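The structure appears below as structure tokens.
Residue numbers (this note's numbering), protein chains in the order written: chain A, 1 to 516; chain B, 1 to 314.
As structure tokens, this is what we get:
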């Protein structure tokens, strides 16, 4: 069997495997692996507000993952708003960040499906343990409340004393009671959430780091309200304390934290008349719940199981092969030469990290400045590696000031937008320069434009978020990608550019100067 | 009425070989990767040639370490003319032809002045792999400059023409002569603007012609007709190319010769992926000749007849 036939069979086999794998997975996809005692919940936010201008921002805090709860699906409906990309940011404080496309009344709904387990099952990503929280000097009524409590308690159980004071000595007031700590301590009555605030104030006054946490107690409720509790740092570990519900030390599994150091779960800039409602419902256990056992090694094959923070990046990584596919197509079927094989894919990737006009702007500025500095550096006659490093340094400086310039023009790019392209650009500048010296300006510029063109085509593929998330759910589709690449790799037909290149050869021999 | 492109069917009928087919059907099966160093490293190619009694330009010095660059001036004191080239360069990159001196400076064949510092810098760029195939560290070769044969006096501007023979399974299949132009700045590389003329396999006489991918009949700078020049020592060229292809162990290879002033052919380099522009110079494709060789390579046919039949194929 020759290579051509083997390639065909392999491609066919891979394509079949990929498609059938994806179909099989689609069958079992809905099943979340549950162990006995686990439960599934859906928390829904509905936010109505009025955007005062185009570009008004709305932020929603998403429930966090803990050792015993994990968000496994998130859906947002936001007509009239576009998501602003957040690749980094504090890891456990995932925000949905939306920008209004127009002025006017808008509605955003978001739902989070949460898997709760009675025992610790998951490693918490970006654990919050190391965070510091401020401590305040006591003043006024806080100090005068704290002093007798401090005197009564031994140093080791001051936290317990403060907790019991807030839980037992402060009465539960009405919802519309004043919520500031001074009034609470003076009246010894607190609205919902007030006790937690008072506990934080007292702890901080006693120089014990403490912070407010807003979250949900999962329990079916059409008009749920976020609850507020306190986290106190003791012996380098944050413990949860809720003086209202008498929780001290560890969090019950059905308490899901959403936001730390603040109590609003939805907030915005340039918005008014904001009205947020929450609902919580228990989801029915998916089919197969009793059949599946404990965690198995096969879970590894399910990428959607990964924490949500990684989804965006994973989806992008999984799109890279499609970029390579586009490049392979352009090079072997169309026949366009580019600087470097995967430069276009990587460039496109960097455009995806930024929005494309920031990317293109940075790209253009850096190319121009890079080429200018390259021709200056040329005069210094340096060895290759130091010379490349000098250009890299200059490119880094250009980038830094580009960011500053964009910020000055109120275009605030994300720093990640410019992180990736730097090294690629340095190499591209070097290649461009050599190409320019050897083959002349015209060919180099032509090749540069072709690189950009292929990069744009790659970009159109890579920005396809839906496809990325589809690939995250069905990564075996990439077996089909490999199959297509194998077929391209066995393509012996003419390249499109050759139809132009060899066009003179179709003139009949009689009309040409033939062999003597 | 002129169309700007050709349909694939038309190209197939004209026997045009495309790059994809060249790579998959010729380079991959007939050129084992293990034999690539013989062509990718010009020092090795030279060694092969010398073993088989094929002429190559005399090596004046090989510079292998950055430290040797300091001694460069003393290496070339005895020579006013020489060529500096990277041992693993491609597409003629990084080659400097020095044709004389003016005071403390050297003059390249295209008339540029080079100071000692500039030459040293160029050498160090070669050593650090700027021009090498994969960007790995490289050696620089300093060798004798070949003075061109008078037959090319009105056919080449600013450089030395070379003669390329493409061999398939050990049989010379097509040949062309590449002529530098002002545009190519003395280089014989077609994509940089050099002109090529086809050479008849049996007679060694030129015909056809190509410049920047278009068929032409006269040299763009001198206006001299490209057709009808008979290459000196044509038999020696064919014999040397065949011998070299055999020792290189490559089934699809291009061998580049230059003719020195006395008409002696000298091998400059060999190429395991020779380009396809030779087809445009001929006005017809390689495919028919490839098929013919595939059918007849096993026949014990006298060499002259083999070439005559090949040349007659068109």
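The beta-carbon is built from N, C-alpha and C at its ideal position, and this holds for glycine as well.
Every value quoted in this text rests on a predicted model; they were computed, and no experiment measured them.
Given this structure, state the Cα-to-Cα distance separating residue 214 of chain B from residue 389 of chain A, to the nearest angstrom. 42 Å
Can you look up residue 4 of chain A in the DSSP assignment and give me helix, strand or coil? helix
Using the rule of at least 16 other Cβ atoms within 10 Å of the residue's Cβ for burial, across every protein chain shown, is residue 397 of chain A buried or exposed? exposed
Mind listing which residues of the region 490 to 509 of chain A have their C-beta closer than 8 Å to chain B's C-betas, in chain order? 490, 491, 492, 493, 494, 495, 498, 499, 500, 501, 502, 503, 504, 505, 506, 507, 509
Whole alpha helix (DSSP H) runs in the region 136 to 175 of chain A with 4 or more residues, listed along the chain? 140 to 152, 158 to 164
Among B:62, B:146, B:186, nearest to residue 112 of chain B - alpha-carbon criterion: B:186
Classification of residue 162 of chain B by the beta-carbon crowding that lies within 10 angstroms, buried from 16 upward: buried
Through-space distance from residue 259 of chain A to residue 282 of chain A, alpha-carbon basis: 22 Å
Closer than 7 Å by C-beta to residue 14 of chain B: which residues in its own chain qualify, once you throw out the five before and the five after it? Chain order, please. 284, 285
In the DSSP output, which residue or residues are listed as bridge partners for residue 234 of chain A? A:237
Are residue 451 of chain A and residue 338 of chain A close, meaning C-beta to C-beta below 7 Å? yes
Flag this pair as touching only if the region 100 to 115 of chain A and the region 166 to 179 of chain A have three or more C-beta atom pairs under 8 Å; answer yes or no. no
Determine the extent of the beta strand (DSSP E) in which residue 106 of chain B is found, giving its start and end residues. 105 to 108
Establish whether the CB of residue 392 of chain A and some CB of chain B are separated by less than 7 Å. no
Go ahead and pull the three-state DSSP assignment for residue 30 of chain B. helix
Determine the extent of the beta strand (DSSP E) in which residue 121 of chain B is found, giving its start and end residues. From DSSP, residue 121 of chain B is part of no beta strand (DSSP E) but of the alpha helix (DSSP H) over 116 to 127.
Report all residues from its chain with a CB closer than 8 Å to the CB of residue 182 of chain A; omit the five preceding and five following residues, and keep chain order. 140, 141, 142
Span of the alpha helix (DSSP H) holding residue 484 of chain A? 477 to 489
Could you tell me which chain A residues have their CB closer than 9 Å to the CB of residue 69 of chain B, listed as they occur along the chain? By Cβ distance, chain A contributes nothing, its closest Cβ being about 11 Å from residue 69 of chain B, past 9 Å.
What's the call for residue 130 of chain A, buried or exposed, on a 16-neighbour Cβ count within 10 Å? In this predicted model, residue 130 of chain A has a pLDDT of only 44, less than 50, meaning its place in the structure is not dependable enough to derive any value.
Near-chain B residues of the region 369 to 387 of chain A (beta-carbon distance less than 8 Å), N- to C-terminal order: 381, 383, 384, 385
For residue 44 of chain A, list the residues DSSP reports as bridge partners. A:111, A:279
Three-state secondary structure (DSSP) at residue 179 of chain A? coil
Would residue 207 of chain A be called buried (16 or more neighbouring beta carbons within 10 Å of its own) or exposed? exposed
Interface flag, residue 121 of chain B vs chain A, CB-CB below 7 Å: yes
Hey, quick one: how far does the beta strand (DSSP E) through residue 221 of chain A stretch, first residue to last? 221 to 224
When you compare the CB of residue 10 of chain B with every CB in chain A, is at least one pair closer than 7 Å? yes
Given this structure, state the Cα-to-Cα distance separating residue 240 of chain B from residue 275 of chain B, to the nearest angstrom. 20 Å
Taking CB distances under 7 Å as the criterion, tell me whether residue 20 of chain B reaches chain A. yes
Measure from the C-beta of residue 128 of chain B to each C-beta in chain A and report whether the shortest distance is under 7 Å. yes
C-beta contact flag for residue 220 of chain B and residue 181 of chain B at 7 Å: yes
What residue range does the beta strand (DSSP E) around residue 211 of chain A cover? 210 to 217
Quick one: what's residue 271 of chain B bridged to in DSSP? B:254
By DSSP, does residue 36 of chain B sit in helix, in strand, or in coil? coil
Return yes when the Cβ of residue 69 of chain A is within less than 7 Å of the Cβ of residue 116 of chain A, no when it is not. yes
Could you give the DSSP three-state label for residue 62 of chain A: helix, strand or coil? coil
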